[in-house]
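Single-structure report; data block below.
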Amino acid sequence: MNCQIYHDAFDDFLDGELDEQNAARINSHVFACKECAAQLEVLKHEKEIYAHYLFAAEPPQDLWTKFQAKLENEENPRRVVVPATTPFWKTYSFGLRNLSAPSAFAAALIVFGIGFGLLHFWTSKNAEENQYSSRIEIDKNEPVATETGKVDAEVTPNQPPEQIGGKEINAPKIIKNNGSKKLSVAKNTTAADFKLVDARSETLKKKAAFRGEKNFPADKLRLNEQARAQALELKNLETETARQLEKVELLLRTFRNARAGEVNGNALYDVAYEKQQARKLLEKNSRLRQSSEMFGMADALELLNRVEPYLLEIANLEENSAPGVVTDIRERFKNQNIIASLQIY
Amino acid sequence: MDIPMPFRAEAEIKELTEYSGEMLARAKAGDNAAFGLLFERHHRFVYKFVYAMLGETAAAEEATQETFLAAYKNIRGLRGEAKLQTWLCAIAKNVVYKSFRSLNKECTQSEAEIESFEMPDEKTLAPDREFLSKELNQVIGAALEKLDADKRLVFTLRELQHLTYQEIAEITGSGVPKLKTDLRRAKIEMRALLEPYLEAGK
Chain W
91 MNCQIYHDAF
101 DDFLDGELDE
111 QNAARINSHV
121 FACKECAAQL
131 EVLKHEKEIY
141 AHYLFAAEPP
151 QDLWTKFQAK
161 LENEENPRRV
171 VVPATTPFWK
181 TYSFGLRNLS
191 APSAFAAALI
201 VFGIGFGLLH
211 FWTSKNAEEN
221 QYSSRIEIDK
231 NEPVATETGK
241 VDAEVTPNQP
251 PEQIGGKEIN
261 APKIIKNNGS
271 KKLSVAKNTT
281 AADFKLVDAR
291 SETLKKKAAF
301 RGEKNFPADK
311 LRLNEQARAQ
321 ALELKNLETE
331 TARQLEKVEL
341 LLRTFRNARA
351 GEVNGNALYD
361 VAYEKQQARK
371 LLEKNSRLRQ
381 SSEMFGMADA
391 LELLNRVEPY
401 LLEIANLEEN
411 SAPGVVTDIR
421 ERFKNQNIIA
431 SLQIY
Chain S
37 MDIPMPFRAE
47 AEIKELTEYS
57 GEMLARAKAG
67 DNAAFGLLFE
77 RHHRFVYKFV
87 YAMLGETAAA
97 EEATQETFLA
107 AYKNIRGLRG
117 EAKLQTWLCA
127 IAKNVVYKSF
137 RSLNKECTQS
147 EAEIESFEMP
157 DEKTLAPDRE
167 FLSKELNQVI
177 GAALEKLDAD
187 KRLVFTLREL
197 QHLTYQEIAE
207 ITGSGVPKLK
217 TDLRRAKIEM
227 RALLEPYLEA
237 GK
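Those sequence lines, one after another, are chains W and S. To convert a position in the first sequence, counted from 1, into the numbering used here, add 90. To convert a position in the second sequence, counted from 1, into the numbering used here, add 36.
The structure is reproduced here in structure tokens:
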């Protein structure tokens, strides 16, 4: 019966919950009593079994990426809500008041530039709208020219003679360079002018079509199975690269923010976690580098290339590193603005 | 000679807590990278907890994500003095209990199946645990499933995850004496279910 008291205390004993005196009593009892020793062994074994149970349960590697996807799916209040403490016109007037003369001038220039651009766009659109009627005139008189370079030779008979000589030759330059001058020319546009615009819009359309084919997977899907697979692969690669660079950014940030701990009088950096992460990322980095080279993703390739030496260095650090080594690496990636460029990507 | 362990551990813990405090402050301010770091640090603990509670990898994955989603939304409401891990566990506990409630009907249907469980079945074995004693883990999983939710909760947090009674009390919201009773009963039940395996270790 005496043993039962001890049995009841075994759990607390193994958990380290007992005070010194009671623990010593149990120790001495177990030393003397075979039965209780056996019972304690069973309990220890039990604990080991339980420890193994969760030891084996590991979350999947991509849980963070999955979680991020989930987070994006949810309406994210943090990104949507903009703190509206001051009305927007106040903040802007505040900005203008502090504006210096050169920057004001620069801003004015930008505004004018945008104005000219819009004007140019508007006039060229007008010209395009008019082109059908003028086209008919051209067709009546002679075959339509296909190249812009031939325009000078193909002047239609109903043009005013003075335009043929001077202005008409300049027309291509005018159209391309300056919106405001184009406006004055547009008032008495000639058929040749329209032809020019026509040819230009044709090439623009072709370009747009080409670009669309290259950039939008949706267009590509229509082409054929192979192109579709390739587009998907490219898209996967892009997202994977983005993830990788994000992780690297996170790692470099942690590394940058790591603090020196006092160990036995020496200031040492504990970079065990960073080291482990860097190792994981390195392997993936080289793989991604190869594939982005294959697909010609220049931006991604450059970043991956720039980041790799740092990963390598961090992975090869000692778990407790001397401050000199750590700050050296830090200084270097600070100087190259790596974190900023990663963020931009 | 190596650095004496206690001092080293103390320094490490001090640095870690300071550091995670800073990360927490940044995450509260809306820094997603800092939140990512907190996720990296704590998701394994949360995953293991919900895995022990739910006994299934897919459900555990889902519950872990739910937990961190709720944490992300409410992180600014977190009191400064509360330990992040305890707070996350409390959220995870709510997520788990919620899923229990929604699964309640299914549970009553499959109760007969659980009762008839005697020996582990090879087919239902989870592939990620194959390198350890599969059978034993399966038996523990099945035994855990037989505990009621409160006992399972205390047992998991105490025996499997080694939290202190104080921390568990914060998570469950019940007093330490109740926890101790629950734990004792849970242990007795578990022992009865695992008896053959425990005897084998003698």
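We put the CB at the ideal spot given by N, CA and C, even for glycine. As the structure is a prediction and not an experimental result, all values here were calculated from the model.
Would residue i count as contacting chain W if we go by Cβ distances under 9 Å?
i	result
asparagine 173(S)	yes
alanine 222(S)	no
leucine 230(S)	yes
threonine 217(S)	no
threonine 160(S)	Note that threonine 160(S) scores a pLDDT of 47, beneath 50, so its modelled location is shaky and nothing firm can be said.
arginine 115(S)	no
leucine 234(S)	yes
arginine 227(S)	yes
glutamine 197(S)	yes
glutamate 97(S)	yes
threonine 208(S)	no
Output needed for residue i: all residues of its chain with C-beta closer than 7 Å, excluding positions within five of it in sequence on either side, in chain order.
i	result
isoleucine 204(S)	Val190, Leu193, Arg194, Leu215
leucine 407(W)	Val361, Lys365, Val415
leucine 130(W)	Phe100, Val120
leucine 105(S)	none
leucine 324(W)	Phe385
alanine 368(W)	Leu341, Leu401, Ile404, Ala405
Along chain S, which residues have their Cβ under 8 Å away from the Cβ of residue i?
i	result
threonine 331(W)	By Cβ distance, chain S contributes nothing, its closest Cβ being about 17 Å from threonine 331(W), past 8 Å.
leucine 161(W)	Leu105, Tyr108
glutamate 164(W)	Leu105
Please list the partners that residue i has in chain W, where partner means a Cβ-to-Cβ separation under 8 Å.
i	result
isoleucine 176(S)	Ile139, Tyr140, Tyr143
phenylalanine 75(S)	Trp154, Phe157
glycine 211(S)	Ordered by position in chain W, no residue passes the 8 Å Cβ test against glycine 211(S), which lies about 17 Å from the chain.
By how many angstroms is the C-alpha of residue j removed from the C-alpha of residue i?
i	j	result
valine 82(S)	phenylalanine 206(W)	59 Å
arginine 62(S)	glutamate 125(W)	56 Å
glutamate 107(W)	leucine 391(W)	56 Å
tyrosine 108(S)	isoleucine 404(W)	30 Å
arginine 128(S)	proline 149(W)	A small correction: the amino acid at residue 128(S) is alanine; arginine does not occupy that position in the sequence shown. If I take the Cα positions, the gap works out to 15 Å.
tryptophan 154(W)	threonine 103(S)	13 Å
asparagine 117(W)	glutamate 110(W)	10 Å
proline 213(S)	glutamine 94(W)	21 Å
histidine 135(W)	aspartate 186(S)	24 Å
serine 382(W)	aspartate 418(W)	30 Å
serine 210(S)	asparagine 410(W)	42 Å
leucine 230(S)	arginine 333(W)	44 Å
aspartate 389(W)	valine 86(S)	41 Å
cysteine 125(S)	glutamate 98(S)	15 Å
glutamine 316(W)	leucine 322(W)	10 Å
tyrosine 201(S)	alanine 95(S)	27 Å
With 16 other CB atoms within 10 Å as the buried threshold, where does residue i fall?
i	result
asparagine 375(W)	buried
isoleucine 200(W)	exposed
leucine 139(S)	exposed
glycine 72(S)	buried
phenylalanine 75(S)	buried
phenylalanine 157(W)	buried
arginine 137(S)	exposed
threonine 329(W)	exposed
threonine 176(W)	Below a pLDDT of 50, predicted positions are generally treated as unreliable, and threonine 176(W), at 45, falls in that range; no measurement from the model is reported.
glutamine 151(W)	exposed
glutamate 336(W)	buried
asparagine 163(W)	exposed
glycine 203(W)	exposed
Please go through the same chain and pick out, in chain order, the residues whose beta-carbon is closer than 8 Å to the beta-carbon of residue i, but skip the five residues on each side of it.
i	result
lysine 64(S)	Ile111, Arg112, Leu114
leucine 183(S)	Phe191, Ala222, Glu225, Met226
arginine 420(W)	Phe345, Arg346
histidine 97(W)	Cys126, Gln129
For residue i, return the contacting residues in chain S, with the cut-off set at a CB-CB distance below 7 Å.
i	result
threonine 213(W)	Here the premise fails: no neighbours, minimum Cβ distance about 46 Å.
glutamate 323(W)	Ordered by position in chain S, no residue passes the 7 Å Cβ test against glutamate 323(W), which lies about 26 Å from the chain.
Would a check of beta-carbon distances place residue i closer than 9 Å to chain S?
i	result
valine 170(W)	Bear in mind that a pLDDT of 45 at valine 170(W), under 50, signals an unreliable position, so the model cannot answer this.
leucine 335(W)	no
arginine 54(W)	Only positions 91 to 435 of chain W appear in the structure, and residue 54(W) is not among them; the question remains open.
aspartate 418(W)	no
valine 338(W)	no
glutamate 408(W)	no
Excluding the 5 residues flanking residue i on each side, which residues of the same chain have their C-beta closer than 6 Å to its C-beta?
i	result
glutamate 206(S)	Thr122
leucine 196(S)	Ala88
glutamate 92(S)	none
Starting from residue i, find everything on chain S with Cβ-Cβ shorter than 9 Å and list it in chain order.
i	result
leucine 394(W)	The contacting residues do not exist; leucine 394(W) stays about 19 Å from chain S at best.
alanine 113(W)	None at all; the shortest Cβ gap to chain S is about 17 Å.
histidine 210(W)	Neighbours of histidine 210(W) on chain S: none; closest Cβ ~41 Å, over 9 Å.
Taking Cβ-Cβ distances shorter than 9 Å, what residues in chain W pair up with residue i?
i	result
threonine 122(S)	The contacting residues do not exist; threonine 122(S) stays about 18 Å from chain W at best.
Name the chain W residues whose beta carbon is nearer than 7 Å to that of residue i?
i	result
arginine 80(S)	Pro149
lysine 84(S)	Leu144, Ala147
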